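Read through the structure below, which is laid out as structure tokens, and then see the notes.
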Amino acid sequence: MRLLHTSDWQLGMTRHFLAGEAQARFSEARLEVITRLGELAREQDCACVVVAGDVFETRHPDARTVARTLERLARFTVPVYLLPGNHDPIDPGAVWRSHAFTSACPDHVEVLDDTTPRVPVGGLEVVGAPWPNKHPLGDLTAEACEAAPADHACRVVVGHGGVAEVSGGFDAPGTIDLARVRAAVTAGRVRYVALGDRHSATQVDAAGNVWFSGAPEPTDHDEVDPGTALVVDLAASQPVVTRHVVGTWRFARISRAVDTDADIDALAAELDAVVEPSRAVIKLALEGTLDLRQVARLDTLLADRSLRFAALEHPERHRDIAVRVSDTDVEALALSGYAAAARDALSASARAGGEQARSATDALSLLLRLAGAGQRA
Amino acid sequence: MRGLAHAEVRFATAGVTVIEAPNETGKTTLFDALDILLQEKQGTKRQRVRDLQPRGEDVGSRITAELTIGDHHLTISKRYNKDRATELHVHSPAPQQLTGDQAHDHLRRLLEEHTDLALWDALRFRQGRSLDPVALAGANALTRQLDASAGGAGVVEDDALYDRIVEESARYFTTRAGKPTRLLSDADDAVTQAEAEVARLSELESRLDAASARSAELTAQRRRLEERRTELEPELVRRQQAAAEVSSLRTELVTATAELRGAESEQGRCEAALRTREELVAELDSAVVAAQRSAASAAQQHDVVVTLSEGIEALAQAVDAAEEAAASARAQHERARTGADLAAARAELTTLTGRQERVEAAFAAARSAEAALAATAFTRERHAEVRAAADRVRLARAQLGAAAPTVTVTARDRLAVRWEGVDDAPGAPQEILAAEESSEVVVPERVVLHLDELARIEVVAGSSLRERRAALTTAEEELDAACRALGVASATEAEALAEEVAGHQRVLDERDAVLERELDEGGQDALMATVRRAEDRVAALTARLERSAQDTEHLRLELEAVSGPARLERLAATEQAAEEALTARRAELQARQRELEAARERAAGARATAEAAAAERDRLQARLDSERAVSDDDELRHVAASAGAAVQRAQERLAGHRAALDARDADQVEAAVVNTRTQLETVREQLMRCQEEAAAVTATMEAHGGLGVGEALQEAEAELARRRAARDGLWRRAEAARTLKAAFEQAREAAYAAYRAPLADRIVAAGRLVFGPDLDVELDEELRVVSRTLAGTTLAFDQLSAGAREQLAILSALAAADLAGEDGVPLVLDDTLGYTDPGRLERLGGVLGRVTGPQVVVLTCVGARFEAIRGAEVVRLS
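Protein chains in written order, with this note's numbering: chain X, 1 to 377; chain G, 1001 to 1878.
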């Protein structure tokens, strides 16, 4: 007996670094992955699908987001259980009670809006620990586990929240106490605890009864190995968990030192090596010292590559890059008369440091461009 | 070409070339053609190229020039409009031949590399040019030399870069005020709008969050309250049962208390009945004694009344007699007083009547005297006038008599004499004088004495006698006039009249004296009113007396015996004695009557008391009889004893119940019920409020749940981040442009400041030959002449005359051309110096004649203007 464990779809998520059509493609990919999850459940002969919280990015998503989600879920061939998480808790105004949701929700899709056990097939019991609001007073998951009878039944508790042992403390609301959960597992109350909240697929306990499924599509750069879903085999007393990659997008950081033209060449090569850049969100962390001509070159490179990627984030004017006005720059600005005097004054100001230095450096870069030296580089 | 079929001009490579030709012979076209040759490609269709064609002729225009550009010596030839072609022959340093656009482009490159096109434009004095100063800034060939003159390296930058920088800055900041342009302000506005949208959605989201949190609180609260309610409800039931038992005990206690009160009440009633009976018996005994006493007292009082009534009857008769005596004395005294008053009134009336008669008599006498006085013309003045006139007549007569001669005739014998001319004997008859009788006549003026018929003697008085007569006549006439004025015939009558008037005056004085004496302040009317009042008083007193008198006789007697004071006093004493006697009798009678009244009241009271006492005695007796008929005294005593025993029993029962209730701590049991019930009600009420608020919060969340607020907020935040990034980037570029522009402006200004001195020196050096040795000029940052100083007087450029402005412009251009040296361009003066006077024209010609370095071309239709240019090559076009 298997089930598909997924979570953190975060549907309706908006990323500021994705502009225009990139955001549209990103949103569309997050809907497409639902379809792939449905196919995976069918392929893997799963009895049901549990989504362990944060189906929606917010408890007030757009009606179109809701409609498109339910349209994808309607194609599933097995029961689907949606758990309200910290992003989409089931308070009276939440999406779960909205007309947009209730009117279009397929019969085989059910919201785990309380701890009543659901039975998708005989011999399997699914118990939800829904978030009633953003600040639950207790450990909902542990409570749900402890409330179950110690009958060693094939019982799955679906919960949401950080685990103290993983996240390092009980500060966040709804933090799950692994010890309590483990005690319930040991007592035969629960066989598998399907968790959501952490976007990276993670085995929480040593025995392998408690897992975070990770998000099916990545959402940020700090996620470790995202884009997965878990197929959980519950036939034996100890569940067997298999990870499946379903995501198509990639969030990556590129950190480099750039001090020379060769470094810029290497950066260009690394960017060019990214597969399917239109689904890649790259955050650059560059440091080093460049002269004006090299900065202009780097700018040109990044402006060019930005067109290929879903997003190529880099701090405005490379904050970690020290810009120096080199002799080469001065030579490139082969000016005479008062123009040479102005150039030299700006150059001195740029080298003097302080707040004026940045402005002077920018002015010199502009001068380089206007004098046509930029193009020659 | 238009205005120029063909022309070939060879210019001196240095110094002045004067091209002289009449108007409309193509002098200007010559240089326009050179511009076109250097700037326009062969294929251009620009208007100025098409204008080269003669009107109505479709012919080609060929322009050829041999030029030296830098170290290049070349010939360029272009054909426009028809059979277009371009040919370039570079003769040196490296011979080269190019055609078409290639030739044009090569020429342009050479020009841009070696020729200062800005200076070329500045040194072209076109026909009809405005008289503005020549702007030399931006002319590289010039500024290079100026830079060298100012101690620089002689290397200057083209202003084209500066222009691009200014243009770049203008994208972000306005040129004049330096304010952000629409580009920046739109970026700022876009951020502001996005911030507002984020704030709006955040606020909405916060409200929903707050509602969600509140909803959670309410759910928890409801759970707590429901648990508490579940605890309280059975507790209340338990406590209510305990309270019911206490309540039952209380009811029994109340019943026992009521029974005790009933027994006590019955006991009280029986004892009261017994007490009432005993009191009634005692009361009856007292009433019998009282009835006897009051009957005796009533009889005694009755006797007193009888005795007093008898005494009063005798006393009343005495009072009547006294009243009669007093009335008689009072009437007599009154009549006597009235009679006395009447006598006095009559006497006063008589006095007043006398005064009135005297007054009326005085008025009557006065009226006739006043009439007489009114009829006469007499006044004291007139009377005095008559008297004075009479005195003057008498004096005149005396004086006449004294002066007039006297003629005395004494008859010796009887003699008849007749005087003629004598006034007092006019026409005097003959007078017969006896012997020795004399007749004497005073001669007034002229007297004729007729002595019988014997003689006629005329005596004539001297002249003084006539004057005195005339004076007399005058005096007499004045007397007559005075008498007429007084209304009398003579002085004698006047005196009589005066006497008569005096008599009348005395009558009037007499009247005034009477009035003064007889009348008071009110005058005659007051006197008459007083008389009338006296008459009224007499009449009134007479009437009173008539009424009081018993008959006429009495009246008469009373009037006759006008009472003296002694009689009146006596009568008054009699009346007073009678009145006092009467008063005494009456007082006695009243005292007796009061005594009788009091005695009667006492008698009536005693009688009533006796009757009441008897009635009370009878009533009490009847009541006692009646009550004894119901129950006799012994029976009452027995019933009272039974009631006392019943009270004893009820008290014992009550004590038993109270002990049982005290054992249960009833107050605490009941308080617990109240407390529990209050708590339960509070919990229920809180639960109800909690549910109501939960419903309201739920309604709020449901109302906003479908709006997609969360997703919209995320989108708005993302948009805000994007807009901020765009704005920051834009502002950074803007600041870079501003910084760059500022640096360039500062450096450029400093450079031009250094250029001004050498250029000004050159202009002044040449200008002093034209304007005089004390010339000085000032240049601005664009190297334009802004003022001229001559003989210590400084004038702004635009204050100078048209001629002076043009001369200074040409001198500036010449200085620039001279300074540029080999890098320079030709100075072209097309139809200039039309405003210059012959003297300056000659001196300016001298300056131009000194030019050896730069190439100067003068185009003119008046060759004589430039005759003073020494060594100039002159080309005449026809």
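Glycine included, each C-beta is placed from N, C-alpha and C at the ideal position. All values reported here derive from a predicted model rather than from experimental measurement.
Name the residue from G:Leu1740, G:Val1786 and G:Arg1865 whose alpha carbon lies nearest to the alpha carbon of tyrosine 1172 (chain G). G:Leu1740
What residues in the segment 1743-1757 of chain G have a beta carbon less than 9 Å from any beta carbon of chain X? Ala1743, Phe1744, Glu1745, Gln1746, Ala1747, Arg1748, Glu1749, Ala1750, Ala1751 and Tyr1752
Determine contact between the segment 1676-1693 of chain G and the segment 1273-1290 of chain G, defined as no fewer than three beta-carbon pairs at a distance below 8 Å. no
Spell out a yes or no on whether the segment 301-309 of chain X and the segment 335-346 of chain X are touching, meaning 3 or more CB-CB pairs, one atom from each, closer than 8 Å. no
Where does valine 240 (chain X) land, buried or exposed, given buried means 16+ other C-beta within 10 angstroms? exposed
Would you say the segment 1351-1361 of chain G touches the segment 1521-1530 of chain G, given that touching needs at least three Cβ pairs under 8 Å? yes
If we ignore side chains and look at the alpha-carbon of each, how far apart do proline 1426 (chain G) and arginine 1418 (chain G) end up? Interpretation of proline 1426 (chain G) is limited by its pLDDT of 49, a score under 50 that renders its predicted location unreliable; the figure taken from the coordinates is listed afterwards. If you take the alpha carbons of proline 1426 (chain G) and arginine 1418 (chain G), they lie about 10 Å apart.
Would DSSP call tryptophan 1419 (chain G) helix, strand or coil? strand
If you measure between the beta carbons of glycine 1821 (chain G) and glycine 1849 (chain G), is that distance less than 8 Å? no
Going by beta-carbon coordinates alone, are leucine 1110 (chain G) and leucine 1038 (chain G) separated by less than 8 Å? no
Please confirm whether glutamate 1812 (chain G) has its beta-carbon closer than 8 Å to some beta-carbon of chain X. Per the sequence presented here, residue 1812 (chain G) reads as serine, with glutamate not at that position. For serine 1812 (chain G), the answer is no, since every Cβ of chain X falls outside 8 Å of its Cβ.
Which term fits glutamate 1749 (chain G), buried or exposed, when burial requires 16 or more other beta carbons within 10 angstroms of its beta carbon? exposed
Quick check on DSSP: helix, strand or coil for proline 117 (chain X)? coil
For the segment 1861-1876 of chain G against the segment 1011-1027 of chain G, are there 3 or more C-beta pairs whose distance is under 8 Å? yes
Mind checking which residues open and close the alpha helix (DSSP H) that includes glutamate 1611 (chain G)? 1565-1630
Taking only beta-carbon positions, decide if aspartate 54 (chain X) is within less than 8 Å of chain G. no
With a cut-off of 8 Å, does the C-beta of glycine 85 (chain X) fall near any C-beta of chain G? no
Measure from the C-beta of tyrosine 1172 (chain G) to each C-beta in chain X and report whether the shortest distance is under 8 Å. no
In the structure shown, what three-state DSSP assignment does arginine 1355 (chain G) receive? helix
Who are the Cβ neighbours of glycine 313 (chain X) in its own chain at under 6 Å, not counting the five residues just before and after it? It is worth fixing the name first, because residue 313 (chain X) is glutamate in this sequence and not glycine. Here the set comprises Phe17 and Lys283.
Straight-line CA distance for glutamate 1493 (chain G) to arginine 1466 (chain G)? 30 Å
Determine, using beta carbons only, whether aspartate 1209 (chain G) comes closer than 8 Å to chain X. yes
Nearest chain G C-beta to threonine 141 (chain X) closer than 8 Å, yes or no? no
For arginine 198 (chain X) versus cysteine 145 (chain X), is the C-beta distance shorter than 8 Å? no
On the criterion of 16 or more Cβ atoms from any shown chain inside 10 Å, does asparagine 86 (chain X) qualify as buried, or is it exposed? buried
Which parts of the segment 1359-1440 of chain G are runs of the beta strand (DSSP E), unbroken and 3 residues or longer, counting only runs that do not cross its ends? 1406-1410, 1415-1420 and 1431-1433
Is the beta carbon of tryptophan 249 (chain X) less than 8 Å from the beta carbon of proline 216 (chain X)? no
Just curious, the beta strand (DSSP E) that leucine 1829 (chain G) is in, first and last residue? 1827-1830
How would you list, in chain order, the residues of chain G whose beta-carbon sits under 9 Å from the beta-carbon of threonine 35 (chain X)? Going along chain G, no residue has its Cβ under 9 Å from threonine 35 (chain X), so there is no contact; the nearest lies around 21 Å.
When burial is assigned at 16 or more other CB atoms within 10 Å of the CB, is serine 27 (chain X) buried or exposed? buried
Pick from G:Arg1084, G:Val1441 and G:Thr1064 that is closest to threonine 1075 (chain G), judged by C-alpha positions: G:Thr1064
Between which two residues does the beta strand (DSSP E) containing tyrosine 81 (chain X) stretch? 80-82
Residues in its own chain within less than 6 Å of leucine 1204 (chain G) by CB, not counting five upstream and five downstream? Val1709
Just to confirm before moving on: does the CB-CB distance between glutamate 125 (chain X) and cysteine 154 (chain X) stay below 8 Å? yes
Is the CB of aspartate 197 (chain X) under 8 Å away from at least one CB in chain G? no
Please report whether the beta-carbon of serine 1212 (chain G) lies at a distance below 8 Å from any beta-carbon of chain X. yes
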